[in-house]
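Take the sequence shown: its position 155, counting from 1, is numbered 156 in our numbering, and each next residue is one higher. In this text, a Cβ means the ideal position worked out from N, Cα and C, and glycines have one as well. Small disclaimer: the values here were computed from a predicted structure and weren't measured. Written below as structure tokens is the structure these notes are about.
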Amino acid sequence: MGYVHCDPKTLETEMPAVSRALLNLGHPIFIVDAGGRIGVCRKGRAVLGEDNPQKPDHYPLIAYAPPLRPEDLGSPAFKRRHHIRYAYVSGAMAHGISSVALVRAAANAGMIGFFGSAGLFLETLEKVIVQLKSELADLPFGMNMVYSGNTDLEWATLKMYITHGIHRISAAGFLRLTLPLVAYRLEGIQRQADGAVVCPNQIIAKTSRLEIARQFLSPPPEKMLRDLVNQNRITGDQAALAETIPVACDLTAEADSGGHTDNRAAVSLLPSMIDLRDALAETFGYDTPPGIGLGGGIATPRAVAAAFTMGADYVLAGSIHQACVESGTSAAVRQMLAQALQTDVDMAPSANLFERGIKVQVLTRGTLFARRASRLYEIYRSHESLGSLPADVKNEIEDKIFKNSLEAEWESTREFFSAYDPAQLKPAETDPRRKMGLVFRSYLGKAARWAIAGDLSRQKDFQIWCGPAMGAFNEWAAGSFLEHPESRDFKTVAMNLLFGACVVLRRQQVMQGLARAGVLPQDFVGRFRPMELTEMEPYLT
Numbered sequence: 002m003g004y005v006h007c008d009p010k011t012l013e014t015e016m017p018a019v020s021r022a023l024l025n026l027g028h029p030i031f032i033v034d035a036g037g038r039i040g041v042c043r044k045g046r047a048v049l050g051e052d053n054p055q056k057p058d059h060y061p062l063i064a065y066a067p068p069l070r071p072e073d074l075g076s077p078a079f080k081r082r083h084h085i086r087y088a089y090v091s092g093a094m095a096h097g098i099s100s101v102a103l104v105r106a107a108a109n110a111g112m113i114g115f116f117g118s119a120g121l122f123l124e125t126l127e128k129v130i131v132q133l134k135s136e137l138a139d140l141p142f143g144m145n146m147v148y149s150g151n152t153d154l155e156w157a158t159l160k161m162y163i164t165h166g167i168h169r170i171s172a173a174g175f176l177r178l179t180l181p182l183v184a185y186r187l188e189g190i191q192r193q194a195d196g197a198v199v200c201p202n203q204i205i206a207k208t209s210r211l212e213i214a215r216q217f218l219s220p221p222p223e224k225m226l227r228d229l230v231n232q233n234r235i236t237g238d239q240a241a242l243a244e245t246i247p248v249a250c251d252l253t254a255e256a257d258s259g260g261h262t263d264n265r266a267a268v269s270l271l272p273s274m275i276d277l278r279d280a281l282a283e284t285f286g287y288d289t290p291p292g293i294g295l296g297g298g299i300a301t302p303r304a305v306a307a308a309f310t311m312g313a314d315y316v317l318a319g320s321i322h323q324a325c326v327e328s329g330t331s332a333a334v335r336q337m338l339a340q341a342l343q344t345d346v347d348m349a350p351s352a353n354l355f356e357r358g359i360k361v362q363v364l365t366r367g368t369l370f371a372r373r374a375s376r377l378y379e380i381y382r383s384h385e386s387l388g389s390l391p392a393d394v395k396n397e398i399e400d401k402i403f404k405n406s407l408e409a410e411w412e413s414t415r416e417f418f419s420a421y422d423p424a425q426l427k428p429a430e431t432d433p434r435r436k437m438g439l440v441f442r443s444y445l446g447k448a449a450r451w452a453i454a455g456d457l458s459r460q461k462d463f464q465i466w467c468g469p470a471m472g473a474f475n476e477w478a479a480g481s482f483l484e485h486p487e488s489r490d491f492k493t494v495a496m497n498l499l500f501g502a503c504v505v506l507r508r509q510q511v512m513q514g515l516a517r518a519g520v521l522p523q524d525f526v527g528r529f530r531p532m533e534l535t536e537m538e539p540y541l542t
């Protein structure tokens, strides 16, 4: 393999030296044969492909790992595009769970966060935008856009984003491209003097389906471009430029995540998304191909290392941030999440797409929400209206789920939708089944708000979006300071994953070299455990 010229005084010959060397991410590691013993040389000159000249300060090279720092992970193009140091995204969680504080923490840490816009009134979102732009100035952040099927609400939300100069959104849950989304992407598109096409607005899409990913990774459909031209939203020249760019500048392959998910396996999903991106980039000849990231299951250093090893341009984490002190949920929910196992999750009906049977992944430990929400959907499927419910079913709903009369629930539902989405009410006034659907959806929405508010009188009804990642993080953090939710701040959690991923990747290279040399060190050598930021910082310089 070669040899290393190394000062014998700096040579360390115990296995713990390997663990220490792995933490020095900015320095290479040379593992050498020091007279029949394993030696660790952190400084020296390696010569590959030549025999050892048999000098006292020359040692046969057994294994090598190059420097690898957290900022080296992921795509340089992705990091430049979003003006961040680390290829790490804090995903949007609805109802402001991805809070102002969480978005701020991500920006200040050299990462990017998306505010959880779904389920909030436009007036609230406007105040959030003003606050974030004031506090973060030029630091990057984004807002969320969740598919709801309500075109008017989409137009209103995206118009507000454009008005306030929000140039970056995450698009989640979309079953197809929509005209408002494409219009947002093309707002201000132009060709510069050097011939480059500039598109100020960026969309990071999130999906687990290849057929939807294909739409986001392709230029906008011709029909949509014609419609936008006819509506005077873009010019003919802008429509022509639109044919040279993808709808999304980046796309997150969504594996088994909390909330909306198809429970896809990351190891099969991510490679397929990357292959699709590569094929479409070649077909359309993009100057800048979209990035492909991985979300769902991003919870441990090994998971982050695996994502980047498979070719992810960035990673996106969500569930684990919900248990961070900056999240917009309650202390009660953080405590419940910190106790979750990987198996403490299940699928339950979604509030925004209830009638279609779309489901979200939620926590089951300490709450009966999944069971009760599924019962409501079962009743919805088998009955035509609230008035047609048998007495025993009506009593069950009122006593065990709503803890209120159906009549009172309808009044509460009508009041909410009058303010949030009035278009939903008109069909419900004439269609008894739609009315029943709205009332049941109201419970699902309230269950999320009870959790966020920490209303312990309704704890058994808490809707807490959560994937298996939460349990994986808890298992990794067990016995460390990160076991406790009050110790989980965003930067500490995120940097542990990135720093740990670097250790994992370097360790893998060292262990492979040792194995080739017939050396089998104990498995615990070099294993990364949670570190306080103060412990980590000396290794980051």
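Beta-ladder partner(s) of residue i, from DSSP
i: Asn145; result: Ser171
i: Gln191; result: Val199
i: Glu255; result: Gly296
i: Asp594; result: Missing from the structure shown is residue 594; the chain here goes from 2 to 542 and no further.
i: Met348; result: Gln362
i: Ser99; result: According to DSSP, which records beta bridges pairwise, Ser99 is partnered with nothing at all.
i: Ile205; result: Ser171, Asp251
i: Gly260; result: Gln362
i: Trp466; result: Val363
Secondary structure of residue i, DSSP reduced to three states
i: His165; result: coil
i: Arg46; result: strand
i: Val526; result: coil
i: Val326; result: coil
i: Gly455; result: coil
i: Glu13; result: strand
i: His83; result: helix
i: Gly480; result: coil
i: Ser386; result: coil
i: Gly237; result: helix
i: Ser488; result: helix
i: Glu51; result: coil
i: Asp153; result: helix
i: Ala341; result: coil
i: Ser76; result: coil
i: Ile246; result: coil
i: Asn353; result: coil
i: Asp276; result: helix
i: Leu439; result: helix
i: Leu1; result: Residue coverage of the chain in this structure runs from 2 to 542, which leaves residue 1 outside it and unanswerable.
i: Ser219; result: coil
Where the beta strand (DSSP E) containing residue i begins and where it ends
i: His6; result: 3-6
i: Lys115; result: Residue identity check: residue 115 is Phe in the sequence provided, not Lys. Where Phe115 is concerned, the enclosing beta strand (DSSP E) stretches over 113-116.
i: His59; result: 59-66
i: Ala318; result: 315-318
i: Val90; result: 89-91
Residue i: first and last residue of the uninterrupted alpha helix (DSSP H) it sits in
i: Tyr287; result: Run containing Tyr287: none; DSSP gives neither H nor E here.
i: Ser375; result: 370-383
i: Val394; result: 392-397
i: Lys505; result: It should be noted that the sequence gives Val, not Lys, for residue 505. Looking at the DSSP string, the run of the alpha helix (DSSP H) that includes Val505 is 491-517.
i: Ser1; result: In this structure the chain extends from 2 to 542, so residue 1 is not present and cannot be described.
i: Val131; result: 123-137
i: Lys56; result: That residue, Lys56, is in no alpha helix (DSSP H); it is neither H nor E in DSSP.
i: Asn231; result: 223-231
i: Leu534; result: 534-541
Distance between beta carbons of residue j and residue i, contact taken as under 8 Å
i: Thr253; j: Ala206; result: 7 Å
i: Pro220; j: Phe285; result: 6 Å
i: Ala473; j: Thr365; result: That belief does not hold up - the Cβ atoms of Ala473 and Thr365 are roughly 16 Å apart, past 8 Å.
i: Gly319; j: Met2; result: No, Gly319 and Met2 are not in contact; Cβ-Cβ is about 42 Å, not under 8 Å.
i: Ser375; j: Arg434; result: Contact flag wrong, Cβ pair sits at about 18 Å.
i: Gly260; j: Glu356; result: With a Cβ gap of about 18 Å, Gly260 and Glu356 do not count as contacting.
Heavy atom of the ligand ZN within 7 Å of residue i beta-carbon
i: Ala324; result: Of ligands this structure carries none, so the ligand ZN is not represented either.
Original post:
Are at least three pairs of beta-carbons, each pair with one atom in the region 133-151 and one in the region 104-119, less than 8 Å apart?
Top reply: Because the criterion of three Cβ pairs below 8 Å is met, the region 133-151 and the region 104-119 touch.
Subject >> Stretch pair the region 484-503 + the region 526-536: three plus CB contacts closer than 8 Å >> reply: Touching, yes, given that three or more Cβ pairs across the two stretches are closer than 8 Å.
Original post:
Within the chosen definition, does the region 54-74 reach the region 25-33 through at least 3 CB pairs nearer than 8 Å?
Top reply: Verdict: yes, contact present.
Subject >> Validate contact between the region 257-267 and the region 462-481 using beta carbons, cut 8 Å, 3 pairs >> reply: Below 8 Å, enough C-beta pairs join the region 257-267 and the region 462-481 to call them touching: three or more.
Original post:
Between the region 158-175 and the region 196-212, do three or more beta carbon pairs fall short of 8 Å?
Top reply: Three or more pairs of CB atoms, one per stretch, sit closer than 8 Å, so the region 158-175 contacts the region 196-212.
Original post:
Any chance the region 335-346 sits against the region 107-116, with 3 or more Cβ pairs inside 8 Å?
Top reply: Flag = no, the region 335-346 and the region 107-116 do not touch.
Original post:
Would you call the region 158-166 and the region 174-187 touching, i.e. three or more CB-CB distances under 8 Å?
Top reply: Result yes; three or more Cβ-Cβ pairs closer than 8 Å.
Original post:
Just checking, does the region 479-491 make contact with the region 305-314 on the three C-beta pairs under 8 Å criterion?
Top reply: Touching, no, given that fewer than three Cβ pairs across the two stretches are closer than 8 Å.
Original post:
Do the region 2-22 and the region 42-59 make contact, defined as three or more Cβ pairs closer than 8 Å?
Top reply: Result yes; three or more Cβ-Cβ pairs closer than 8 Å.
**OP:** Assess, as a yes-or-no matter, whether the region 385-401 is touched by the region 285-299 under the definition of 3 or more beta carbon pairs within less than 8 Å.
**Re:** The region 285-299 is not in contact with the region 385-401.
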